[in-house]
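Engineer: Provided herewith is a single structure, encoded as structure tokens, for subsequent inquiry.
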Amino acid sequence: MNNENEFTGADILLKALKDQEVDTIFGYPGGAVLPIYDAIFGQNFLKHVLVRQEAGAVHAAEGYARSSGKVGVLLVTSGPGVTNVVTGLTDALMDSIPIVCISGQVPSHLIGTDAFQECDTTGITRPCTKHNYLVKDVSKLSETIHEAFKIASSGRPGPVLIDIPKDIQFAKSKYISKKDISFREHRIKAGSKNVDKNFVKELVNHIKKSERPIFYVGGGCLNSGHQASQELIKLVNKTNIPITTTLHGLGCFPGEDKSSLGMLGMHGNYEANLAMNKCDLMINVGARFDDRVTGRLDAFSPDSIKFHIDIDQSSINKNVKVNFHTNTDITITLKEINAFIDSNNIDFGDKDYDNWWGQINEWRKKECLHYEQGDEVIKPQHAISRLYELTKQKDTFVTTEVGQHQMWAAQYYKFSKPNRWITSGGLGTMGFGMPAAVGAQMANPDSLVIDIAGEASFLMNIQEIATAVQYKLPIKIFILNNEYMGMVRQWQELLHGSRYSESYVDALPDFKKLAESFNAVGVRAKNISELDDTINEMISIDRPVIADIWVDKKENCFPMIPSGAAHHEMLLSKYDKENPENQEKGKVLV
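Throughout the sequence shown, residue numbering follows this note's numbering, covering 317 to 906 in sequence.
As structure tokens, this is what we get:
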């Protein structure tokens, strides 16, 4: 006799998604997930977005998560369906993006028999997920799903995968709601919620004593939530300390604020990298001291006392040894620092750091982002600058592909709000930006979403234009078309004697006609006189648009810390010469 309190595994999954307040899922059907798709057919709370390839689903889930602050969700079939998302899972793990991937698996009795479309999903994805599961008992499915969402969103966020055999999707059990689940805390790794008062006191005392302090802020500040950015702004305003952000930290502090030194790192601002090198107090807020920031480790900020706030204990003292650290959530810590300053009536007015700001302003006079724009050929820097000026009054989300255009976007597009900048940083995944824009537009239907792309990266997931057209998502693809794999060409010029081996992209499509073939809209700017009109036309069209912007083919991205160099040994233009010893070391590192 059927028990009306029991549900199939497929129905349990949908009830759990509803309980987790999931309203959007990205996926692609296949044999091992057909019971789940059949259940989706009979519900009305969940919007399913049909991508054109599973890689599009995982990057769309990343874009959705990064722009909304929610967990992104995707659904794929077994075998090639799930192996197609491995790159995206790795991307999400390296960039701390909370996603839950639900994959189908062959029936339990066929696991290990080399059945059709079978693969060792948990074995393959173990290194590229925060946690993964193979569900063997339908009675544990509810708990597994709820725990997966908890793990994905707690502590340092990341991807979690749930592999569900087809027979489990048909099997029946009772559903257990989220509120009735007791989580195993050793799996959650949520970080501490307790304020480290000694850390706070030491930090404030060191701020009072320092002469050359700097805030070095990363993506962890954004992952902590919007309040973390608000507390950070308060703290910077109280102390008058300069602030620089990593690639993923852009937007946590207003980019046009006088205290902002912009982005630091390999293609960061001269004044930001020099300030990091010469500071006597470095306050790291949610950054991980990665190699693109530190340069040669033995020369990284040698004279500074280093404080590190990071919820991920494994990031502490991993690459750079610090003097003081706390594993407490960033929002809680920054709030406590501000409260400590206020309750003790500490006034930093007498510490305006005039000499320090004077030195920084001298570095700023280098005008490291200066470029020469002629009357005809569009400089890529100018294209980004004009895009920013013509869109900055709108609620704009920017995704990118990976390469020179990504760095120019980080340099010339200024972000004033959190989570408006969505890019692949740690893994550097070409093909990320366009499906990520699909996810961001689904999460923010009334906002302007722009994918700043290079023509080579864009071609890697070009099929997702069809997804945008089907769901009437008015995303804009802004291609800086230089007919090269630009960053590869730049490295070949600087490190390999201008031997451009396989970096020229011949036989490119006509992107305007390509857009029209997808029933999207194509526009083009060939020279400087057409640029503003093309951007305005792109923005005004309430449909997916590909804007093909023809830019200088040989322009390089500066400033640049050559690989193997110290973080203050920067090239500001093509006329600067690199240390030959660093050049040889750099060939190994890029």
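C-beta atoms are modelled at their ideal positions from N, C-alpha and C, and glycine is treated no differently.
Just so you know, these numbers come straight off a predicted model, no measurement behind them.
List the DSSP bridge partners of residue 770.
Structural biologist: 796
Engineer: Excluding sequence positions up to five away, which residues of its chain have a Cβ less than 7 Å from the Cβ of residue 593?
Structural biologist: 617, 883, 884
Engineer: Measure from the C-beta of residue 352 to each C-beta in chain B and report whether the shortest distance is under 8 Å.
Structural biologist: Of the protein chains in the structure, only one exists, and it is not chain B.
Engineer: Check the C-beta distance from residue 773 over to residue 571 and give it rounded, since I have them as a contact under 8 Å.
Structural biologist: About 23 Å separates the two Cβ atoms, so there is no contact after all.
Engineer: Between which two residues does the beta strand (DSSP E) carrying residue 389 extend?
Structural biologist: 388-392
Engineer: If residue 776 and residue 747 are in contact, beta carbons under 8 Å, what's the gap, nearest whole angstrom?
Structural biologist: 3 Å
Engineer: Please classify residue 643 as buried or exposed, where buried requires at least 16 other C-beta atoms within 10 Å of its C-beta.
Structural biologist: It is buried - the Cβ of residue 643 has at least 16 other Cβ atoms within 10 Å.
Engineer: Just the C-alpha distance for residue 501 and residue 402, rounded to the nearest angstrom, thanks.
Structural biologist: Distance between the alpha carbons of residue 501 and residue 402 is about 27 Å.
Engineer: Counting Cβ pairs closer than 8 Å, one from the stretch 811-823 and one from the stretch 776-789, do we hit at least three?
Structural biologist: no
Engineer: Check whether the Cβ atoms of residue 730 and residue 704 sit closer than 8 Å, and answer yes or no.
Structural biologist: yes
Engineer: Alpha carbon to alpha carbon, how far is residue 633 from residue 457?
Structural biologist: 38 Å
Engineer: Kindly list the residues whose CB is nearer than 6 Å to the CB of residue 697, restricted to its own chain and excluding five residues on each side of it in sequence; keep chain order.
Structural biologist: 687, 724, 728
Engineer: Kindly identify the DSSP beta-bridge partner or partners of residue 576.
Structural biologist: 559
Engineer: Looking at the strands, I want to know which residues DSSP matches up with residue 449.
Structural biologist: Listed as beta-bridge partners of residue 449 by DSSP are 478.
Engineer: Candidates 685, 650, 395: which alpha carbon is nearest residue 531's?
Structural biologist: 650
Engineer: What does the Cβ neighbour count give for residue 383, buried or exposed, with the cut at 16 atoms within 10 Å?
Structural biologist: buried
Engineer: Please name the residue or residues paired with residue 840 in a DSSP beta bridge.
Structural biologist: Under DSSP, the beta-bridge partners assigned to residue 840 are 864.
Engineer: Are there 16 or more other CB atoms within 10 angstroms of the CB of residue 334, so buried, or fewer, so exposed?
Structural biologist: exposed
Engineer: Please confirm whether residue 625 and residue 507 have their CB atoms less than 8 Å apart.
Structural biologist: No. Outside cutoff.
Engineer: What did DSSP end up calling residue 598 once you bin it into helix, strand or coil?
Structural biologist: Three-state result, residue 598: strand.
Engineer: Mapping the DSSP letters down to three states, classify residue 417 as helix, strand or coil.
Structural biologist: The answer is strand: DSSP assigns residue 417 an E or B state.
Engineer: Hey, is the stretch 418-433 in contact with the stretch 469-479, meaning 3+ C-beta pairs nearer than 8 Å?
Structural biologist: yes
Engineer: Going along the chain, which residues of its own chain have a beta-carbon closer than 6 Å to the beta-carbon of residue 821, five neighbours each way excluded?
Structural biologist: 772, 799
Engineer: What residue range is occupied by the uninterrupted beta strand (DSSP E) comprising residue 488?
Structural biologist: Looking at the DSSP string, the run of the beta strand (DSSP E) that includes residue 488 is 488-490.
Engineer: Please report the straight-line C-alpha distance between residue 857 and residue 836, rounded to a whole angstrom.
Structural biologist: 10 Å
Engineer: Comparing alpha-carbon positions, which option in 765, 864, 834, 554 lies nearest residue 708?
Structural biologist: For residue 708, the nearest C-alpha among the options comes from 765.
Engineer: Whose C-alpha, out of 351, 846, 834, is nearest the C-alpha of residue 692?
Structural biologist: With distances taken between CA atoms, residue 692 lies nearest to 846 out of 351, 846, 834.
Engineer: By Cβ distance, which residues of its chain are closer than 7 Å to residue 805, with the 5 residues on each side in sequence left out?
Structural biologist: 816, 819
Engineer: Quick one: what does DSSP say residue 632 is sitting in, helix, strand or coil?
Structural biologist: coil
Engineer: Can you pull the DSSP bridge partners for residue 623?
Structural biologist: Beta-bridge pairing links residue 623 to 599, 640.
Engineer: Whole angstroms is fine: what's the gap from residue 546's alpha carbon to residue 565's?
Structural biologist: Using only the alpha carbons, I get a separation of about 14 Å.
Engineer: Nearest-angstrom Cα distance between residue 866 and residue 797?
Structural biologist: 5 Å
Engineer: Can the beta-carbon of residue 320 be found closer than 8 Å to that of residue 490?
Structural biologist: no
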